[in-house]
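One structure is given below, encoded as structure tokens.
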Amino acid sequence: MKYGRNLVLSVLGPWWLLLQSAPASPGAEVVRLAEGVYARIAEPDGEAVGNAGFVVLESGVLVFDTHATPGAGEALRAEVRKVTNLPIRFVVNSHFHPDHTHGNQAFSAGGTADVLASTQTRRDILQKDIPAMNRSLAVVREQLARLQKDLLAARTSADYATLRDQIAQRQKFLDRMVGLLGRGHTDGDVVLVLPDTKIAFAGDLFFNSALPAAQDAFLLDWSETLGALLDLDVETFVPGHGPVGTRADVQRFRRYLDDLRSLVEPSVAKGLAMEQVVREARVPDDYAGFRFQSFFPANVQKMYLELKALQA
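With this note's numbering, letter number 66 in the sequence shown gets 371, and the count goes up by one each step, no holes.
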């Protein structure tokens, strides 16, 4: 497609760029992690974009993230129905980015499922996602004609029951939720932990073999938050992007963030201009095989700005 990448990035954020070559099908693989625990791993360049999953509980189903479009959300719902006819009671959004939330309406229609998120996520839906959605429809309607039907059908809202509101009433279902471990990909990332199976759905706190989207990140805090994630009694980690991972995979992603700081910090200390640092920086060899290589300049820029702010 021939629209300007910079325009689309500024209006929609990086995840919509990944949808440019998405096939018509949602494109995701369901992985059974344990009895009643499933991850739906997005295929590269597929419509789903972000990973999702679901857990079959005693009297209902908990869904964790819902992919990038209503169609992908419907496909996720269909996978749930292949496993169980129990009602879908809860949808948990790890954070506010559209590749994890724009399938929500597949589950919230009819009012049978509570959509849960952190208070920070609700704030960002109101202040960032809904305005971006409106701009996207106005600015790139023709260029995204292949996705127009889904975009026009999307009914993004801030109708969230926050964790604080719901946890007392829904403890039987939500006692598995860890909630906020700290700032990382956003300041409202939620993690779901299943202690019996030592599985965690980490959302975009963890990118497996992929460079992170950092436009809303807190890079200087992220490594410490991953340390808190690794302190949990968990062996299997479902990332927001990439295949299901292990502790070693989380540790490798954490090293990337630490190495990114080590790469940029000397240049900031020398007073080099951000443009020069971004232009001259190269992905370290250990991460040259990661997906989303195009995110690296933005990673460098974000790290530069955070380190520069420490000098103020």
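Idealized CB from N, CA, C, for every residue including glycine.
Task: Residues sharing a beta bridge with E334, DSSP - done: BP columns for E334 point to I346.
- [ ] May I ask which residues mark the beginning and end of the beta strand (DSSP E) holding V361?
- [x] That run of the beta strand (DSSP E) goes 357-361.
Task: Sequence-distant residues of the same chain with beta carbon closer than 8 Å to F293, five excluded per side - done: Residue coverage of the chain in this structure runs from 306 to 617, which leaves residue 293 outside it and unanswerable.
Task: Per-residue burial, N409 [other beta carbons within 10 Å of its own, 16 or more giving buried] - done: It is buried - the Cβ of N409 has at least 16 other Cβ atoms within 10 Å.
TODO: Using the Cα positions of P548 and G493, report the straight-line distance between them to the nearest angstrom.
DONE: Their Cα atoms are separated by approximately 23 Å.
Task: Among V361, P403, A373, D404, the one whose alpha carbon lies nearest that of T389 - done: Among V361, P403, A373, D404, the Cα nearest to that of T389 is on V361.
TODO: Under 6 Å Cβ to Cβ from R559, same chain only, skipping five residues before and after it: list those, please.
DONE: Closer than 6 Å at the Cβ level, and outside the excluded window around R559, lie S528, L531.
Task: A617, buried or exposed, once every other Cβ within 10 Å from all chains shown has been counted against 16 - done: Burial call: exposed.
Open item on the list: What does DSSP give as the partner residue(s) for H400 in the beta ladder?
Closed with: DSSP output for H400 lists no bridge partner at all.
Open item on the list: Residues in the same chain with beta-carbon distance under 8 Å from N604, minus the five sequence neighbours each way, listed in chain order, please.
Closed with: Cβ within range, chain order: L516, P517, A519, L524, L565.
Open item on the list: Need the endpoints of the alpha helix (DSSP H) that V582 sits in, please.
Closed with: First-last of the alpha helix (DSSP H) with V582: 579-585.
Task: Host alpha helix (DSSP H) of V368 (start-end) - done: Here V368 belongs to no alpha helix (DSSP H); instead the beta strand (DSSP E) covers 366-369.
Open item on the list: For N398 and G545, which I take to be in contact (beta-carbon distance under 8 Å), what is that distance rounded to the nearest angstrom?
Closed with: No, N398 and G545 are not in contact; Cβ-Cβ is about 11 Å, not under 8 Å.
Open item on the list: If you measure between the beta carbons of G508 and H400, is that distance less than 7 Å?
Closed with: Yes, the pair counts as a contact, with Cβ atoms nearer than the cut-off.
Task: Own chain partners of D554 with C-beta closer than 6 Å, once the 5 adjacent residues on each side are dropped - done: Annotation for D554: N513 place their beta carbon closer than 6 Å to its own, counting only its chain and skipping 5 residues before and after.
Task: Euclidean distance between Cα positions of K575 and M608 - done: Taken atom to atom, the span from the alpha-carbon of K575 to that of M608 is near 15 Å.
Task: For T541, the first and last residue of its enclosing beta strand (DSSP E) - done: If you look at T541, you'll find it in the beta strand (DSSP E) that goes 541-546.
Open item on the list: Using CA atoms only, rank isn't needed, just tell me which of R427, F359, V539 is closest to T491.
Closed with: If we check each option's Cα against that of T491, R427 comes out closest.
Task: Member of D521, A522, V543 whose CA lies at the smallest distance from the CA of V496 - done: Checked all of D521, A522, V543; the closest Cα to V496 is V543.
Open item on the list: Let me confirm a value: G489 is counted as buried when at least 16 other C-beta atoms fall within 10 Å, else exposed. Which label applies?
Closed with: Answer is buried; the Cβ neighbour count reaches 16.
Open item on the list: Which residue marks the beginning of the alpha helix (DSSP H) containing V605, and which one marks its end?
Closed with: Run containing V605: 601-616, per the alpha helix (DSSP H) assignment.
Open item on the list: Rounded to whole angstroms, what is the Cα-Cα separation between A614 and E585?
Closed with: So the alpha carbons of these two residues sit roughly 21 Å apart.
TODO: Give every residue of the same chain whose Cβ lies closer than 8 Å to the Cβ of L610, excluding the five residues on either side of it in the sequence, and list them in chain order.
DONE: Take L610, set aside five residues on each side of it, and the residues of its chain with a beta-carbon closer than 8 Å to its own are M579, in chain order.
Task: Other residues of its chain near F600: CB distance less than 8 Å, five sequence neighbours each side excluded - done: Counting only Cβ-Cβ distances below 8 Å, and skipping sequence neighbours, we find P319, L516, P517, A518, A519.
Task: Contacts around P602, its chain only, beta-carbon distance under 7 Å, and the 5 residues preceding and following it disregarded - done: Excluding positions up to five away in sequence, the list reads V583.
Open item on the list: Residues in the same chain with beta-carbon distance under 8 Å from T551, minus the five sequence neighbours each way, listed in chain order, please.
Closed with: Contacts found: E540, T541, F542.
Open item on the list: Using a Cβ-Cβ cutoff of less than 8 Å, which residues in the same chain neighbour L534 once the five nearest sequence positions on both sides are dropped?
Closed with: Taking L534 as the centre and dropping the five residues before and after it, the same chain places the C-beta of L486, V496, A505, A507, L510, F511, F542, V555 closer than 8 Å to its C-beta, in chain order.
Open item on the list: Can you list, in chain order, the residues of its chain with a C-beta nearer than 6 Å to that of D521? Leave out the 5 residues immediately preceding and following it.
Closed with: Sequence-distant partners of D521 (beyond 5 residues in either direction) whose C-beta falls short of 6 Å from its own C-beta, in its chain, are T491.
- [ ] With distances taken Cα to Cα, identify the nearest neighbour of G594 among R557, A380, E384.
- [x] Nearest option by C-alpha distance: R557.
TODO: Would you tell me roughly how many angstroms separate the C-alpha atoms of P589 and Q581, rounded to the nearest one?
DONE: The alpha-carbon separation between P589 and Q581 amounts to approximately 17 Å.
TODO: Measure the C-alpha to C-alpha separation of P500 and Y343 and round it to an integer number of angstroms.
DONE: So the alpha carbons of these two residues sit roughly 15 Å apart.
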